[in-house]
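J.: Residue numbers for the sequence shown, in my numbering: 55 to 824.
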Amino acid sequence: MFGSSTALIIAIGCIAGIAVVLALWFAARERRLHSELERWHDNVRSVASDASVGHRLNTDVDALVPVSLTVNKLFDAIATKQEALGRRDGDATRLANALQDIVIIHTDRIMFANEAAAALMGVNAMALVDKPVTDLAKPAYRALWDKTTARRLTGEPVPEQQEIQLISADSGSIWVTLTAVLIRFRDQVAVMTIARPVSAATDDDGSAKPTDSLLDHALGAIAECIVTTDAQGIIKTMNSAAAQLLGVLERDAIGVPFARLATLVDEVDHKTLGDPVERCLALRQRVNMGRRALLLRGSGSESISVELSASPIQDDEGDLLGVVVVFHDVSELRGHARRISYQASHDALTGLINRREFEERVSGVLDAVRGAGQRAVLAYLDLDRFKTVNDSCGHQAGDDLLRNVAAIFREQVRDSDLVARIGGDEFAMLLPGCPLAKAQEIADTTCREIADYRFVWQDRIFTIGVSIGLLEIGDSSGSVQDVLAAADSACYVAKRSGRGQVHVYSEADEIVARERGEIRWLQRLQSALKDDRFDLASQPIIALDQGAGNGPACELLLRLRRRHGELVRPAEFLSAAENYQLMPDIDRWVVRAAFDAIANNEIVVPAGRSCSVNLSGQTLSDDAFLDFVVDALDGSSVAPEAICFEMTEEAVYADFTKARRFIEVLHGMGSRFTLDNYGSTPGAFAKLRELPLDYLKIDGRLTRNLVDDEVNQELVASLIRLAEAMRFHTIAEQVEDQNDFDTLRDLGVDFAQGHFVRAPILVGRGSARA
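1) Is DSSP giving CYS501 helix, strand or coil here?
2) Please state if the CB of VAL459 and the CB of LEU437 are separated by a distance shorter than 8 Å.
3) Touching or not, the stretch 320-330 and the stretch 236-255, by the rule of three or more beta carbon pairs under 8 Å?
4) Given that a residue counts as buried once 16 or more other Cβ atoms are within 10 Å of its Cβ, and exposed if not, what is ASN293?
5) Below 8 Å on the Cβ atoms is my contact criterion, and I expect ARG409 with ILE476 to pass it. Report the Cβ-Cβ distance as a whole number of Å.
6) Starting from ALA482, follow its DSSP beta bridges and name the residues at the other end.
7) What does a CB cutoff of less than 8 Å around LEU583 pick up in its chain, not counting 5 residues either side in sequence?
8) Please state whether DSSP places CYS545 in a helix, a strand or coil.
9) Give me the residue from ARG333, GLY519 and SER551 with the minimum Cα distance to PHE481.
10) Are there 16 or more other CB atoms within 10 angstroms of the CB of SER543, so buried, or fewer, so exposed?
11) How would you write the range of the alpha helix (DSSP H) that HIS721 sits in, first residue to last?
12) Tell me which residue opens and which closes the beta strand (DSSP E) that ALA422 is part of.
13) Would you tell me roughly how many angstroms separate the C-alpha atoms of GLN672 and VAL378, rounded to the nearest one?
14) Tell me which residue opens and which closes the beta strand (DSSP E) that ALA786 is part of.
15) Which partner residues does GLU700 have in the DSSP bridge list?
16) Give me the Cβ distance between MET780 and ARG726, rounded to the nearest whole Å; I'm assuming they're in contact under 8 Å.
17) For ALA150, list the residues DSSP reports as bridge partners.
18) I need the boundaries of the alpha helix (DSSP H) containing SER294, first residue and last residue.
19) Using the Cα positions of TRP511 and HIS449, report the straight-line distance between them to the nearest angstrom.
20) On the DSSP letters alone, give me the boundaries of the beta strand (DSSP E) that ILE834 sits inside.
21) By Cβ distance, which residues of its chain are closer than 8 Å to CYS545, with the 5 residues on each side in sequence left out?
22) Count the other CB atoms within 10 Å of the CB of TYR396; is the residue buried (16 or more) or exposed (fewer)?
23) Reducing DSSP to helix, strand and coil, say where LYS290 ends up.
24) Going by the CB atoms, is the gap between LEU576 and LEU432 shorter than 8 Å?
25) Find out if the Cβ-Cβ distance for the pair SER225, LYS192 is shorter than 8 Å.
26) Comparing alpha-carbon positions, which option in ASP685, ASP804, ASP730 and ASP189 lies nearest GLU704?
27) At least one CB of chain C closer than 8 Å to the CB of VAL443: is that the case?
28) Smallest Cα separation from ASP804: which of VAL706, ARG338 and ASP599?
29) Pop quiz: TYR732 and LEU773 are said to be a contact at Cβ under 8 Å. What is the actual Cβ separation, rounded to whole angstroms?
30) Determine the burial state of HIS390: buried for a count of at least 16 other Cβ atoms within 10 Å of its Cβ, exposed for fewer.
31) For ALA254 and ASP498, I'd like the C-alpha separation in whole angstroms.
32) My output table needs one value for GLY389: the three-state DSSP class, helix, strand or coil.
33) With a threshold of 16 other CB atoms inside 10 Å of the CB of HIS809, please say whether the residue is buried or exposed.
34) Let me know the secondary structure DSSP gives ASP370 once reduced to three states.
35) What does a CB cutoff of less than 7 Å around ALA181 pick up in its chain, not counting 5 residues either side in sequence?
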């Protein structure tokens, strides 16, 4: 019995020992497995952070081997994709750096900027990365650009192009046209924006859809023709725009030299300009073919005006990979430029050169005669009795008469002489190298020819005349304005002598000129600009139709303050200001003073309303005035929406192209525009629809005596209906009594101003009337 109990105890002890050993073994194994798992996990994290350099997972634990192999395959796939993305993005950035255009890839912040963008800002391209993209723009355009980018990224419809000002390290600012598309860059959706200077901007038909191939989409999005070659000059790629311009199929162009597809010559003398690809490869720098390049395609039977550049493509080590050729058709642009140049220097009605071009020619003659002992004669011509024809038969008759008279003037001078129309019925002749006696003979003959001319309009016959002032230009002659003023004075003396006369300028004519007040006003205006003796007066504009929406709340009127405090109205001095080309300076004063008054609450503009500022035609023709206004807005706290620029029909049509650009740019920023003297030029209605105008101000001569003058009342009603058809609101000016006010309201005028509403009040001077 005892022996059996002992055996049982020994057996139990053995089992317990075996259990303890097993427990210890399993515990050790678990600790070893846990340690291996931790080591494997650390290995995963290490490889994940540097999978691109070939590190891979390894383990001694059999159970973890299959998992390690799977993870390694995943890392291989990721590395392969990253390498492909890097090659794709690298190709795109190299192409962007080869382009002359500014290229930026961004969301709200810059992801990539090419060398052209960096050069514009005067910094290294990497310094722009991660900066807000709107930092590249002038402050006035930042909110617009930021809003457009955000909408584009969310897929909302946005304009294909925008015209804004970018900041420039060299010139302060530059006008550019932005074209943008959605792309994928670094594996995310971004915007690629291409900026071109306004003078070189072209339309872009590129689609704005996300793409998986940045390089292909970049080529498709750029309107220019793009051809790339290898380091031997053999074409590798060509976008569809290039193939279409060169008249070839893309597949036929690949593998052939660029020179085989096109020959470049100078469009003036047709001398060859050489092969741009060959020159680029030899020089290893960008080659520009100038602004007179003519591309002859195929057999040379067809030519196209182009702008072309060839730029080297280099890898990160600087090795030459090939050439990118960028070019586009500028035939229409150059033709348009020639037409614009002609229009800018010639009078549209008569075909004669205009005042600006004439003054430049006079300036050239003044430079030539000084110190050279040469002579020239300037003739100033003013038609007599022209107003009779214009007023009695209308502007069409007056225009026809001016064209006929211009033809007569041209017939009287030599081929080397110039004839210009410098005003409504004022003309000028420049006779270089002409003795005064010969000039007097030409002038006398011109007077007789005009006196003998009979102008027939319908059933009426008119006789006119011309008065001519002559001035001999020599070493002692003053500036262009001096000689024009002197010849004008001589012409005035000729008119006073009985019209149809010729008068040669003498020093005594200065007395006559002073009697006219021109020179006196010139001195006063120059002094007023220097001493800040102009004032602004504000005249309210009220809404007659509450459904007309927001409109100008007031119009600012200019006043000149004499030294003793008396105020002078513009009618007394504007003629002299225009004759002496002072209007751009005066309008600059008005714009600065208006912005300051609004910013200082001296003029309170109600929410949604605006303040009207008048501009002259002379100012609209000033190339620098648009930049001045934009900079003035940038430097003030005045919102563009608070300003309504007002200009007359005559001012707009004097230089329609520049006026339209001025209106379109500032209207795009939010400013409003009013066309003054609406109805004074009936033949110009067709052009109104080309302008982004907001309001038409009916000529004050038409808003009076409406109750008694039924014809005038019907004319105003017709103008209102025409404005409504063109979706413009109307403003009636010079409303002076209750009857006219009531009639205009009944006819449907939207806004009214005039002494009946309220007289002008000097800005900043309480209730002082102006």
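Beta carbons: idealized from backbone N, C-alpha and C, even for Gly. This structure is a prediction, so every number in the text was calculated from the model and none was measured.
T.: In this structure, then:
1) helix
2) yes
3) no
4) buried
5) 4 Å
6) TYR434 and ALA474
7) LEU636, ASP639, ILE640 and TRP643
8) helix
9) GLY519
10) buried
11) 710-723
12) Taken as a continuous stretch (DSSP letters only), ALA422 belongs to no beta strand (DSSP E), being part of the alpha helix (DSSP H) at 409-423.
13) 45 Å
14) 783-786
15) ASN668 and THR728
16) Actually they are not in contact, since the Cβ atoms of MET780 and ARG726 sit about 16 Å apart, beyond 8 Å.
17) According to DSSP, which records beta bridges pairwise, ALA150 is partnered with nothing at all.
18) 294-300
19) 12 Å
20) Residue 834 lies beyond the range of the chain shown here (55 to 824); nothing can be said about it.
21) TYR434, LEU435, ASP436, SER521, ILE522, GLY523 and HIS557
22) exposed
23) strand
24) no
25) no
26) ASP730
27) In the structure shown, chain C does not exist; there is a single protein chain.
28) ASP599
29) 6 Å
30) exposed
31) Because ALA254 sits at a pLDDT of 42, beneath the cut-off of 50, its placement in the model cannot be relied upon, and the point is left open.
32) helix
33) exposed
34) coil
35) none
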